[in-house]
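Asker: Have a look at the structure that comes next, please.
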Amino acid sequence: MIDPAAFAGAGIALGPPQPLIDGNLFSTAAPTVEQDCLVWAAADRRFILEIAQGDVLELRCRIEGHGPPLSSIGLRFSAIAGVGSYLRNGYQSWDGSFFAAPGTPAGDGPPAKAPTLGFAVTALLPAAGDGALVLGFTRHDRFQSRFSFAGTAAAFAFDVETLLDLVPGAAAGEPLVLFTADQAEAGLRQWSQLVAAASPLPPRIPARRLTGWCSWYNHYAMITPARLRTELAGAAAFRDAHQIPLDIFLIDDGFTPEMGDWLDFKPDFPDGIAPLVHDIAAAGFTPGLWIAPFMVGNRSKLYAEHPDWVVQDVAGGPLVQYRFYGEFRWHKRSEEYYILDITHPDAAAYIAQVFRTWRGWGAGYFKTDFMLFGSEHGPDRAVWHRPGRSRVAIWRKMAQIIRAEIGDALWLGCGCPLWASVGFVDAVRIGRDLGVTWYGEYSAESLLRDLATRNHANGLLWQADPDCLLLRDRFHELNDNQIESLARYGAACGGVLMTSDTLSELSPQRGALFAELLNSSPTPCTFPMLGRDHGPIIEYRLEGRDRIFNLSNRTVPAGGMAIAPYATATLP
5 MIDPAAFAGA GIALGPPQPL IDGNLFSTAA PTVEQDCLVW AAADRRFILE
55 IAQGDVLELR CRIEGHGPPL SSIGLRFSAI AGVGSYLRNG YQSWDGSFFA
105 APGTPAGDGP PAKAPTLGFA VTALLPAAGD GALVLGFTRH DRFQSRFSFA
155 GTAAAFAFDV ETLLDLVPGA AAGEPLVLFT ADQAEAGLRQ WSQLVAAASP
205 LPPRIPARRL TGWCSWYNHY AMITPARLRT ELAGAAAFRD AHQIPLDIFL
255 IDDGFTPEMG DWLDFKPDFP DGIAPLVHDI AAAGFTPGLW IAPFMVGNRS
305 KLYAEHPDWV VQDVAGGPLV QYRFYGEFRW HKRSEEYYIL DITHPDAAAY
355 IAQVFRTWRG WGAGYFKTDF MLFGSEHGPD RAVWHRPGRS RVAIWRKMAQ
405 IIRAEIGDAL WLGCGCPLWA SVGFVDAVRI GRDLGVTWYG EYSAESLLRD
455 LATRNHANGL LWQADPDCLL LRDRFHELND NQIESLARYG AACGGVLMTS
505 DTLSELSPQR GALFAELLNS SPTPCTFPML GRDHGPIIEY RLEGRDRIFN
555 LSNRTVPAGG MAIAPYATAT LP
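Residue numbers (the numbering used here): 5 to 576.
Here's what the structure looks like:
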């Protein structure tokens, strides 16, 4: 028999689920119970919810009977009481993960960042008491799964759905697990372990943290062979003088003329990029190259010669992912950016050739950017050359091509689906780009928030990349305490550790700080106060010590100690 208490925990009761098809209630009638299933019947179709009770509650829903292809299938939980906050978990690197209060409006920002939309997993924290109720999907290699949050604090509600994208024959949702945990992060880490176990490809976890230098946040697109060789000499001298593990030298964006023309070069690179790759390897570094494999600019040679290689819009013409119609042109000429149609065999062969060529030059580290392009749109918006695949299946086709061509080279996914990438990438960016201010859109806020809320997957599904450390003394608006706090915080979590600053120009203090962090051994880091942090205060545990960040002039929670704004301190 099905125990109604199975849908409750940590002082929160979800209540009876209701069946959803294509976002609409399939039936409002009470279900019948058939062994370990709830069954709703309407016309010639049956909605079946299988419930397996064990250490975790596992839910699987499916449709039996004839009908048109499905856009989505899922469950609605209504009139949920006792929730103090919930995790709104983002889908890709840049859309953020954070806790919100029930009833928080969507706001007027980008829909993908709205507190009313989440993906993959949520953690519900009770309004009173400790613990967390975790609800999440365990498979992410076939379909995208989302949460839609609604209601109020007194009557919280959400839909949880698998997006089937009208795939012929697809009539079942991805498996869901529901369980109670003592703390939010402990529950999310348990969920990450379940995802790793369910993945058809084992997660790729590098044997040691990825470290190195990246050109972007210092030179941006203004790179030249001479500037890069100067930085390379400085990085090698810094590495040798400090005897540190500085492994990767990454040439970021700026050497190709347009997105999509990956085998062409700007006039500043008359000999191409291969000679620089050889120089990097000769200096004892792993050569890294940047690419955005799904991106095609409207002024690229690729689009001019092969307009049929980009995804089409159901409204007609190419699907425009990004527009730059005004003054800002992103150091390129293109006004619009399209999506490479990886289902087109010629487009797939082209991008495979690109990675094969770059690997042949000796690149051993690949930073693939804007990877969200391949998984943002379903058949309601996108027309692919070969229809009938889910957006995740299409994205993973690109991933399969990349991994097949680069072999055992290291791969960092940026702007990347966090969960569909498991088994392909070695590391994932977990927040927005590095910022030069403490608050704002491009600032420290993303690192401080997203590293904490996504820490649970680090070392289980991939290595987390908090983005580059800012170490230079000029050209930013951060004080010394802020710089050191961010550097130690980013390093403490044990993921990727890189900088873009000119290493030969670092002050002795900043150089010593970077060397210290590179020489430190990553240890497990946890956030026992996750979701319950007091405003801007973040607490984490490392090597048996409790460390806090006070991001304002507010007082530290009981049991802590007052510290200066932006600094770190060890609790007594």
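Backbone N, C-alpha and C define an ideal beta-carbon position, used for all residues, glycine too.
Please name the residue in 322, 443 and 208 whose C-alpha comes closest to that of residue 463.
Answerer: Measuring from the Cα of residue 463, the nearest candidate turns out to be 208.
Asker: Can you give me the C-alpha to C-alpha distance between residue 26 and residue 435, rounded to a whole angstrom?
Answerer: So the two alpha carbons sit approximately 31 Å from each other.
Asker: What residue range does the alpha helix (DSSP H) around residue 294 cover?
Answerer: Note, residue 294: premise wrong, no alpha helix (DSSP H); beta strand (DSSP E) at 290-295.
Asker: Under 8 Å by Cβ, that's how I've got residue 145 and residue 363 pegged, so tell me the actual separation to the nearest angstrom.
Answerer: With a Cβ gap of about 24 Å, residue 145 and residue 363 do not count as contacting.
Asker: According to DSSP, is residue 316 helix, strand or coil?
Answerer: Strand at residue 316.
Asker: Since residue 489 is in the alpha helix (DSSP H), which residue starts that stretch and which ends it?
Answerer: Its alpha helix (DSSP H) spans residues 484-496.
Asker: Can you tell me which of the three DSSP states residue 191 falls into?
Answerer: It is helical.
Asker: Quick check: the Cα distance between residue 156 and residue 83, rounded to an integer number of angstroms?
Answerer: Whole-angstrom Cα-Cα distance: 9 Å.
Asker: With a 10 Å radius around its C-beta and 16 neighbouring C-beta atoms as the bar for buried, classify residue 93 as buried or exposed.
Answerer: Label assigned to residue 93: buried.
Asker: Is the separation between the beta-carbon of residue 277 and that of residue 254 shorter than 9 Å?
Answerer: Against a cut-off of 9 Å, the Cβ pair of residue 254 and residue 277 comes out as no contact.
Asker: Please classify residue 205 as buried or exposed, where buried requires at least 16 other C-beta atoms within 10 Å of its C-beta.
Answerer: Flag for residue 205 reads exposed.
Asker: What first and last residue would you give for the alpha helix (DSSP H) that runs through residue 452?
Answerer: Its alpha helix (DSSP H) spans residues 449-457.
Asker: What does the alpha-carbon distance come out to for the pair residue 30 and residue 262?
Answerer: Those two C-alpha atoms are separated by around 48 Å.
Asker: Would you list the one or two residues that DSSP bridges to residue 469?
Answerer: DSSP output for residue 469 lists 433 as bridge partner(s).
Asker: With DSSP collapsed to three states, give me the class of residue 395.
Answerer: DSSP places residue 395 in helix when its eight states are reduced to three.
Asker: Could you spell out the range, first to last residue, of the beta strand (DSSP E) harbouring residue 38?
Answerer: Its beta strand (DSSP E) spans residues 36-38.
Asker: Would you identify the three-state DSSP class for residue 196, choosing helix, strand or coil?
Answerer: If DSSP states are grouped into helix, strand and coil, residue 196 belongs with the helices.
Asker: Rounded to whole angstroms, what's the CA-CA distance from residue 138 to residue 131? Just pull it up for me.
Answerer: Answer to the nearest angstrom: the Cα atoms are 15 Å apart.
Asker: Rounded to the nearest angstrom, how far is the Cβ of residue 431 from that of residue 469, given a contact under 8 Å?
Answerer: Contact flag correct, Cβ pair sits at about 5 Å.
Asker: Can you name the residues that DSSP bridges to residue 44?
Answerer: DSSP lists 51 as partners of residue 44.
Asker: So what does residue 299 bridge to, in DSSP terms?
Answerer: DSSP, once it has assigned bridges, lists 343 as partnering residue 299.
Asker: Would a check of beta-carbon distances place residue 534 closer than 9 Å to chain C?
Answerer: Within the model displayed, chain C is absent; a lone protein chain is all it includes.
Asker: Can you have a look at residue 380 and say buried or exposed, based on whether 16 or more other CB atoms are within 10 angstroms of its CB?
Answerer: With 16 or more Cβ atoms within 10 Å of its Cβ, residue 380 is classed as buried.
Asker: Return the CA-CA distance between residue 193 and residue 186, expressed in angstroms with no decimal places.
Answerer: If you take the alpha carbons of residue 193 and residue 186, they lie about 12 Å apart.
Asker: Quick one: what's residue 477 bridged to in DSSP?
Answerer: In the DSSP output, where bridge partners are listed per residue, residue 477 has none listed.
Asker: Can you tell me whether DSSP reads residue 307 as helix, strand or coil?
Answerer: Reduced to three states, the DSSP call for residue 307 is helix.
Asker: Where does residue 555 land, buried or exposed, given buried means 16+ other C-beta within 10 angstroms?
Answerer: The pLDDT assigned to residue 555 is 47, lower than 50, so where the model puts this residue is not dependable, and the model offers no usable value.
Asker: Could you compute how far the alpha carbon of residue 513 sits from the alpha carbon of residue 448?
Answerer: Cα to Cα, residue 513 sits roughly 21 Å from residue 448.
Asker: Under DSSP, the alpha helix (DSSP H) around residue 229 begins and ends at which residues?
Answerer: Looking at the DSSP string, the run of the alpha helix (DSSP H) that includes residue 229 is 229-246.
Asker: Taking the continuous beta strand (DSSP E) assigned at residue 332, which residues delimit it?
Answerer: First-last for residue 332: undefined, no H or E at that position.
Asker: Considering only the alpha carbon of each residue, which of 247, 220 and 128 lies closest to residue 189?
Answerer: Nearest of 247, 220 and 128 to residue 189, Cα basis: 128.
Asker: Please identify the residue among 121, 70, 81 and 74 whose C-alpha is closest to the C-alpha of residue 96.
Answerer: The shortest Cα separation from residue 96 among 121, 70, 81 and 74 belongs to 121.
Asker: Between the alpha carbons of residue 355 and residue 301, how many angstroms are there, rounded?
Answerer: Roughly 15 Å separates the two Cα atoms.
Asker: Sorted by chain position, which residues of the same chain lie with C-beta nearer than 6 Å to residue 123's C-beta, five sequence neighbours on each side aside?
Answerer: The answer, listed in chain order, is 93, 95 and 150.
Asker: Is the beta carbon of residue 370 less than 9 Å from the beta carbon of residue 487?
Answerer: It is not a contact, given that the beta carbons lie outside the stated cut-off.
Asker: Report all residues from its chain with a CB closer than 7 Å to the CB of residue 107; omit the five preceding and five following residues, and keep chain order.
Answerer: So the list reads 155, 156 and 157, once near-sequence residues are dropped.
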